[in-house]
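Student:
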Amino acid sequence: MSNDVASDGVAAAQLAGLRYASDEQPGLRRRRKGRGFTYVDRDGLPIRDAGELRRIRRLAIPPAWTDVWISPSPLGHIQATGRDARGRKQYRYHERWREVRDEAKYGRLGDFAKALPRVRARVDADLAQAGIPRERVLATAIRILEETFMRVGN
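Convert by adding 5 to the 1-based position in the sequence shown; the result is the number in this note's numbering.
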């Protein structure tokens with residue numbers, strides 16, 4: 006993780022009134038016990054505190070997840086991680102973290118919607134250019150994204 010991303014995460018966690026957390030830090034673990042699970046602390050001792058067990062259960066960690074890590078703090082921005090059935094790392098975030106990140110993610114959507122007609126007009130103009138200049142190639146990529154409803158992602 007780059008320092009910029011970590012710094013942004015730390016700042017966002019603080020803004021949300023939370024602590025930046027990482028599953029690379031010691032935390033709680035989930036272990037299979039019969040048909041259910043038991044939860045252990047950093048020292049491997051079973052967690053018996055009813056409030057802590059309630060917090061863990063409210064995270065609704067899927068039973069299929071393996072290698073489950075749970076934040077020892079109820080204020081950790083990441084509350085739990087684990088591996089799904091296909092081995093992909095999955096996350097459970099603190100509710101307040103999701104609110105702050107969603108605001109950052111969607112807060113400027115109105116500005117984007119206002120700019121969209123100008124973007125579309127520019128794409129039309131760039132596609133009308135002769136030859137294969139850089140602008141026309143970029144406009145083609147944008148048009149493909151829009152027409153096929155593809156999304157940028159990993």
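The beta carbon of each residue, even a glycine, is placed where N, CA and C say it ideally should be.
Using the rule of at least 16 other Cβ atoms within 10 Å of the residue's Cβ for burial, across every protein chain shown, is Y96 buried or exposed?
Tutor: It counts as exposed.
Student: Spell out a yes or no on whether the stretch 11 to 29 and the stretch 77 to 86 are touching, meaning 3 or more CB-CB pairs, one atom from each, closer than 8 Å.
Tutor: Touching, yes, given that three or more Cβ pairs across the two stretches are closer than 8 Å.
Student: If we count the other Cβ atoms within 10 Å of its Cβ and call it buried at 16 or more, is S7 buried or exposed?
Tutor: For S7, the predicted model reports a pLDDT of 38, less than 50, meaning its position is unreliable and no value from the coordinates is stated.
Student: Are the stretch 48 to 63 and the stretch 109 to 118 in contact at 8 Å, needing three or more beta carbon pairs?
Tutor: Contact between the stretch 48 to 63 and the stretch 109 to 118 is absent, because fewer than three Cβ pairs lie under 8 Å.
Student: Could you check the C-alpha separation between I147 and G136 for me, to the nearest Å?
Tutor: Answer to the nearest angstrom: the Cα atoms are 18 Å apart.
Student: Sorted by chain position, which residues of the same chain lie with C-beta nearer than 6 Å to D9's C-beta, five sequence neighbours on each side aside?
Tutor: With a pLDDT of 43 at D9, under the threshold of 50, the modelled position of that residue is not reliable, and the figure given next carries that caveat. Contacts found: none.
Student: Work out the CA separation of R36 and A65 for me, nearest whole Å.
Tutor: Roughly 15 Å between the two C-alpha positions.
Student: Identify every run of the alpha helix (DSSP H) within the stretch 10 to 77, keeping only runs that are complete inside it and at least 4 residues long; order them along the chain.
Tutor: For the stretch 10 to 77, whole alpha helix (DSSP H) runs of length 4 or above, ordered along the chain, are 55 to 63.
Student: To the nearest angstrom, report how far apart A133 and L121 are at their CA atoms.
Tutor: Looking at the two C-alpha atoms, the distance is approximately 18 Å.
Student: Taking W74 and R34 to be in contact with their CB atoms under 8 Å, please state how far apart those CB atoms are, rounded to whole angstroms.
Tutor: At roughly 7 Å, the Cβ-Cβ gap stays under 8 Å, so W74 and R34 are in contact.
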